[in-house]
Amino acid sequence: MYNSKITGLGFYVPDNIVTNDDLSKIMDTSDEWIQERTGIKERRWIKEGSNETSATMGAKAAETAIERAGLTTDDIDFIIFATLSPDYYFPGCGVQIQDMLGMKTVGALDVRNQCSGFVYAMSAADQFIKTGMYKNILVIGSEYHSNGLDKTTRGRGVSVIFGDGAGACVLSRTEDNNKGILSSHLHSEGRFADKLIVESPSIKHWVPEILNAEEEDVSYFPYMDGTFVFKNAVVRFSEVIMEALATNKMSPEDIDLFIPHQANLRIAQFIQQKFKLRNDQVYNNIMSYGNTTAASIVIALTEAWEKGKVKENDIVLLAAFGSGFTWGSLLMRW
Ligand code: COA
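The sequence shown maps to residues 166 to 499 in the numbering used here.
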């Protein structure tokens with residue numbers, strides 16, 4: 166069996182910065198409320214009229230990751246694309262990447278696991294590499310949230326949290342069994358699907374229902390029971406981190422860098438305190454980008470790597486929780 170390790174990372178966010186004060190001009194909210202509850206100061210939202218989408222942002226992040234891996238698109242054997250905001254209902258964004266980057270007719274798989282999407286995608290990629298089926302897999306997480314948010318006071322509990330952006334990595338075969346992904350752990354609990362959901366449009370709610378939707382029909386916007394999500398997130402994050410540490414016979418002191426899904430700074434801080442992690446063991450950037458769902462971990466990992474915070478042999482832990490509910494963790498030695 167082979168191991169898989171990250172050989173290239175990249176991210177792309179739209180230029181348009183939207184501050185909390187900008188939001189307070191279009192809805193009843195404030196910088197103080199948003200920062201106190203979420204830690205977010207600003208996020209990127211694709212400008213109206215722009216041609217950017219989840220696929221185009223993903224392609225840009227992917228180009229950087231492939232170049233940094235010292236590879237070309239010809240070396241990529243498979244694409245995995247995680248998003249909850251695909252360009253089309255179908256097909257998925259993965260096939261768009263194959264086309265946009267002018268790649269060979271390699272397979273492309275889309276992952277629909279929301280905030281846990283990147284951890285699920287990496288875990289799937291790891292299995293393909295471990296079995297020897299593929300050598301280099303492009304894993305992308307990308308989200309175009311802003312066009313689908315309720316940007317009125319009615320939607321403020323959700324819309325202030327989410328941002329647009331993409332991150333990508335190349336996961337490559339290594340014959341060094343001490344390096345790369347050591348284990349991944351995936352979970353779901355579908356009975357809470359309605360706690361964080363966009364119900365429509367779906368085949369269940371299709372034309373002509375969409376055309377006849379009333380102004381007050383909010384099923385076309387994300388719904389979140391924030392308090393319930395928060396409570397479940399802290400429990401599941403903790404469990405899945407303990408699972409990763411126990412599997413690898415490690416303790417929190419062994420972690421060199423923990424990158425939690427950037428859901429909410431308060432959740433990340435709760436976890437940090439619970440595991441008694443020092444500030445230098447945790448990397449957060451939700452302050453600048455908001456919650457970018459499937460992109461958040463890989464954007465944060467790329468930024469941390471660019472700042473020199475990930476070094477050879479470091480133990481890096483990723484963990485996520487989100488809609489589904491789904492949650493997961495992944496432990497690697499850099
Ligand atoms: N600005 C100002 N006020 C707001 C607001 C906003 N953006 N959003 C909600 N409010 C108001 C509510 O209307 C409510 O007012 P009321 O008391 O008059 O009814 C009040 O603030 C408290 O709302 P509540 O939803 O109870 O706040 P909260 O303390 O639970 O914080 C979240 C809301 C969303 C920040 C918090 O629940 C949370 O972070 N949850 C987890 C979210 C998450 O991580 N999601 C991603 C998972 S992957």
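Beta carbons are placed, not taken as given, at the ideal position from N, Cα and C, and that holds for glycine.
- A straight line joining the alpha-carbon of Val178 with that of Cys334 spans about 15 Å.
- The alpha-carbon of Ala484 is positioned some 32 Å away from that of Ile368.
- The closest CA to that of Thr248, considering only Thr238, Glu232, Leu236, Met222, is found on Met222.
- Listed in chain order, the non-local C-beta contacts of Asp341 below 7 Å within the same chain comprise Asn168, local neighbours out to five positions each way being set aside.
- The beta carbon of Met389 is closer than 6 Å to those of Val323, Leu361 in its chain, skipping five residues each way along the sequence.
- Listed in chain order, the non-local C-beta contacts of Val260 below 7 Å within the same chain comprise Ala273, local neighbours out to five positions each way being set aside.
- In terms of Cα proximity to Thr491, the closest of Arg401, Gly297, Pro373 is Arg401.
- Between the alpha carbons of Leu351 and His426 lies a gap of roughly 14 Å.
- Relative to the ligand COA, even the nearest heavy atom lies 8 Å or more away from the CB of Gly173.
- By the C-beta criterion, the stretch 444 to 460 is judged to be in contact with the stretch 276 to 289, since at least 3 inter-stretch pairs fall below 8 Å.
- In chain order, Ala220, Gly223, Ala224, Ala227, Ile244, Phe246, Met268, Ala273, Leu303, Ile305 place their CB closer than 8 Å to the CB of Ile262, counting only its own chain and leaving out the 5 sequence neighbours on each side.
- In its own chain, leaving out the 5 sequence neighbours on each side, no residue places its CB closer than 7 Å to the CB of Trp198.
- Rounded to whole angstroms, Glu418 and Glu374 show a C-alpha spacing of 54 Å.
- In terms of side-chain proximity, the C-beta atom of Val323 is found nearer than 8 Å to a non-hydrogen atom of the ligand COA.
- Nearest Cα to Asn429 within the set Thr238, Asp196, Gly204: Gly204.
- Remark: three or more beta-carbon pairs, one from each stretch, lie closer than 8 Å, so the stretch 186 to 194 and the stretch 315 to 330 are flagged as touching.
- The beta carbons of Ser353 and Ala409 sit no closer together than 9 Å.
- Arg443 sits away from Gly328, with the two beta carbons spaced by 9 Å or more.
- Here Pro251 is buried. Its C-beta has 16 or more other C-beta atoms within 10 Å.
- In the DSSP assignment, the residues bridged to Ile171 are Leu336.
- Less than 9 Å separates the beta-carbon of Arg498 from that of Lys344.
- Within 8 Å of the C-beta of Asn449 there is not a single heavy atom belonging to the ligand COA.
- Contact annotation, Ser453 with Lys206: C-beta distance approximately 7 Å; criterion of less than 8 Å satisfied.
- Taking the C-beta atoms as reference points, Leu336 is found nearer than 9 Å to Asn301.
- Counted as a single uninterrupted DSSP element, the stretch harbouring Val372 is not any beta strand (DSSP E), since DSSP gives it neither H nor E.
- For the options Leu314, Glu379, Gly332, the alpha carbon positioned closest to that of Val284 is the one of Gly332.
- Distance from the Cα of Arg338 is smallest, within the candidate group Leu188, Lys295, Arg356, Met407, for Lys295.
- Between Ile432 and Leu482, the CB-CB gap reaches or exceeds 9 Å.
- Taking the Cβ of His426 as the reference point, at least one heavy atom of the ligand COA falls within a distance shorter than 8 Å.
- By the CB criterion at 9 Å, Phe435 and Val405 fall outside the cutoff.
- In this structure, Arg431 has its CB closer than 8 Å to one or more heavy atoms of the ligand COA.
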